[in-house]
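This report concerns only the one structure given below.
This is the structure:
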């Protein structure tokens, strides 16, 4: 999508199981999605390709998803930032994706304080 190249690049690295830059890109996208228009841009991209939402959720929910040992702790913050918008809230609650049920177990995930704190904001 024109104008969203940086968001698309970040997502591509985050969902790539072999990316050495997945952690860095998840931190960048986390910071970027704090801005409402970037959050909406990210949601626009996910609307165009619904597989992206599931790929991000799989990267979030699967321990050791990234084979280069990236922890992807900032994915929680990305989801939290997206849910600050009405569209993000709808996305999280759509039964089609069942995202809320996938996120809840991580609210007590002891290995990552970052994950727990970010999820509590969602």
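Numbering (the UniProt record's numbering), first residue to last: 1 to 122.
Glycine included, each C-beta is placed from N, C-alpha and C at the ideal position.
Since the model is a prediction, treat every value here as computed from it, not as a measurement.
Presumed contact (8 Å Cβ cut-off) between residue i and residue j, rounded CB distance
| i | j | result |
| --- | --- | --- |
| residue 82 | residue 42 | 6 Å |
Residues near residue i in its chain [Cβ-Cβ closer than 7 Å; skip 5 each side]
| i | result |
| --- | --- |
| residue 59 | 14, 15, 65, 72, 75 |
| residue 117 | Per-residue confidence for residue 117 stands at a pLDDT of 49, beneath the threshold of 50, marking its modelled position as unreliable; the derived number appears in the next sentence. Cβ within range, chain order: n/a, list empty. |
| residue 12 | none |
| residue 28 | 10 |
Proximity test, residue i beta-carbon vs the ligand ATP heavy atom, cut-off 7 Å
| i | result |
| --- | --- |
| residue 89 | No copy of the ligand ATP appears in this structure; indeed no ligand is present at all. |
Contacting residues, own chain, Cβ-Cβ under 6 Å from residue i (five flanking each side not counted)
| i | result |
| --- | --- |
| residue 26 | 14, 72, 74, 75 |
Among the options, the one whose alpha carbon lies nearest that of residue i
| i | options | result |
| --- | --- | --- |
| residue 69 | 6, 7, 23 | 23 |
| residue 5 | 36, 20, 44 | 44 |
| residue 86 | 49, 37, 52 | 37 |
| residue 20 | 51, 47, 67, 49 | 67 |
Cβ pair residue i, residue j closer than 8 Å
| i | j | result |
| --- | --- | --- |
| residue 39 | residue 88 | yes |
| residue 78 | residue 33 | yes |
The alpha helix (DSSP H) enclosing residue i, as first and last residue numbers
| i | result |
| --- | --- |
| residue 18 | Run containing residue 18: none; DSSP gives neither H nor E here. |
| residue 88 | 86 to 93 |
| residue 41 | 36 to 48 |
| residue 82 | 75 to 82 |
| residue 58 | 51 to 61 |
Cβ shell of residue i (< 8 Å), same chain only, five flanking positions each side left out
| i | result |
| --- | --- |
| residue 62 | none |
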